[in-house]
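For reference, the structure is listed below as structure tokens.
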Amino acid sequence: MSSIPAPAPPLTVLVQARRAAPWMAGWLGLMLVVAVAGRQATRELDVFQIMLMRSVMGLVLLLPLVRAAGGLSALRTRQLPRHVGRNIVHYGAQYAWFFALTLIPLGQVVAIEFTMPIWTVVLAALFLGEPLHRRKVAAVALGAIGVAMIVQPGGGSGMSAGQLIALGAALGFAVSIIAVKALARTEQAVTIMFWMLLVQTVLGLWPALAVWQWPSAAGWGWVTLVAVAGTYGHYCMASAMRHADATVVVPMDFLRVPLTALAGWLFYAERIDLLMALGTALILSGNLLNLWRAPAPAGTGRS
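Right, dumping it as structure tokens:
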């Protein structure tokens, strides 16, 4: 008598991480480019104009991926209200992030942004049903402590306006990531990207035209870098989300904190002190704790 094959076991966190890691490597590198090029672009152009130019360029840059995904049929969606809602939040968070680049050091902007995983883990558990194991909670806790050590908010005098704006961006990005994770259950990465760029183009058209000035050659170059890196960076993130839970992907993104701090030191002579080094060590430890022999939760397998 033949037996009924047992169902395939769910993917372990380590397997999910291995599948998502190449996409996250692309995300990390491209987001470093966005941070440096974005700061340079804001020295000449208003943030609204940068964001509009980035979205319009991004739609053009997305065309090869659309063709590879099957053409216009890949852009059809039954989730339009979710795409619109997600990108209203993301647009506001993105504006706050770029604006914060003009107010505080590069490393601080990204470090404060990494309060985002705290929100993401809670929101993923509440709205996506993703399990919370002690390793995940401990990984996020270590990362959050490390970020606090790097930020050293206000030297004890409270957070500055730039730090508060960056914190608001972090909360918005957390909501956006949860929305991407929910959309990725039924939508291709290219579909998510297309609607992000289209909705944000519509949202940003009027405010950008109100402050428009023709960029210099250098301005065009910096905005083009923002557009290229931003477009393909978000494609990498959306692809990573298709291979792993948000609570696996986001702690891997902690690496962006020390990498951006290093970029700030190299390009802008921003200070890296002992607390920065210790905070970085905690962040890396949290990543290793999250990925090393973590238990495989039931019911979270992926095809």
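In this text, residue positions in the sequence shown follow our numbering: the first is 1250, and each later residue adds one.
All C-beta atoms in this analysis are idealised placements derived from N, C-alpha and C, irrespective of residue type, glycine included.
Can we count residue i as close to the ligand FMN, meaning its CB is less than 7 Å from some heavy atom?
{"i": "L1474", "result": "As far as ligands go, the structure on display features none, and thus does not contain the ligand FMN."}
Could you check whether residue j and residue i sit closer than 8 Å to each other, using their CB atoms as the reference points?
{"i": "I1441", "j": "A1433", "result": "yes"}
{"i": "G1411", "j": "M1300", "result": "no"}
{"i": "V1283", "j": "G1417", "result": "no"}
{"i": "R1491", "j": "A1438", "result": "yes"}
{"i": "A1512", "j": "L1352", "result": "no"}
{"i": "W1346", "j": "A1415", "result": "yes"}
{"i": "A1269", "j": "A1457", "result": "no"}
{"i": "C1485", "j": "L1279", "result": "yes"}
{"i": "F1348", "j": "V1460", "result": "no"}
{"i": "A1510", "j": "G1356", "result": "yes"}
{"i": "M1445", "j": "G1528", "result": "no"}
{"i": "V1498", "j": "N1336", "result": "no"}
{"i": "V1371", "j": "K1385", "result": "no"}
{"i": "L1277", "j": "L1508", "result": "yes"}
{"i": "F1443", "j": "V1315", "result": "yes"}
{"i": "A1373", "j": "K1430", "result": "yes"}
Assuming residue i is part of the alpha helix (DSSP H), what are its boundary residues?
{"i": "Q1437", "result": "Here Q1437 belongs to no alpha helix (DSSP H), and DSSP marks it neither H nor E."}
{"i": "P1330", "result": "L1329 to L1350"}
{"i": "F1297", "result": "V1296 to L1310"}
{"i": "R1520", "result": "It is not in any alpha helix (DSSP H) - R1520 carries neither H nor E in the DSSP assignment."}
{"i": "I1414", "result": "A1410 to L1432"}
Our contact map puts residue i next to residue j with C-beta atoms below 8 Å; I'd like the distance itself, whole angstroms only.
{"i": "G1468", "j": "L1294", "result": "6 Å"}
{"i": "L1312", "j": "T1480", "result": "Wrong, their Cβ atoms sit about 11 Å apart, outside the cutoff."}
{"i": "H1332", "j": "G1421", "result": "16 Å between Cβ atoms; not a contact."}
{"i": "A1388", "j": "L1538", "result": "5 Å"}
{"i": "A1493", "j": "A1274", "result": "The Cβ separation is near 13 Å, so there is no contact."}
Compare the C-beta of residue i against all C-beta atoms of chain C and say whether one is closer than 8 Å.
{"i": "V1497", "result": "You won't find chain C in this structure, because it holds only one protein chain."}
### Task
With a floor of 4 residues, list each alpha helix (DSSP H) that falls wholly inside the region 1439 to 1503, ordered by position along the chain.
1466 to 1490 and 1495 to 1501
### Query
Does the pairing of the region 1323 to 1340 with the region 1497 to 1507 give three or more beta-carbon distances under 8 Å?
no
### Message
Does the region 1290 to 1300 come into contact with the region 1458 to 1478, if we say contact requires no fewer than three beta-carbon pairs (one atom in each stretch) closer than 8 Å?
### Response
yes
### Message
When you compare the region 1518 to 1528 with the region 1298 to 1316, are there three or more beta-carbon pairs, one atom per stretch, that lie closer than 8 Å?
### Response
no
### Message
When you compare the region 1388 to 1399 with the region 1363 to 1375, are there three or more beta-carbon pairs, one atom per stretch, that lie closer than 8 Å?
### Response
yes
### Task
Return the chain-ordered ranges of every alpha helix (DSSP H) run that is complete within the region 1358 to 1385 and spans a minimum of 4 residues.
1365 to 1376
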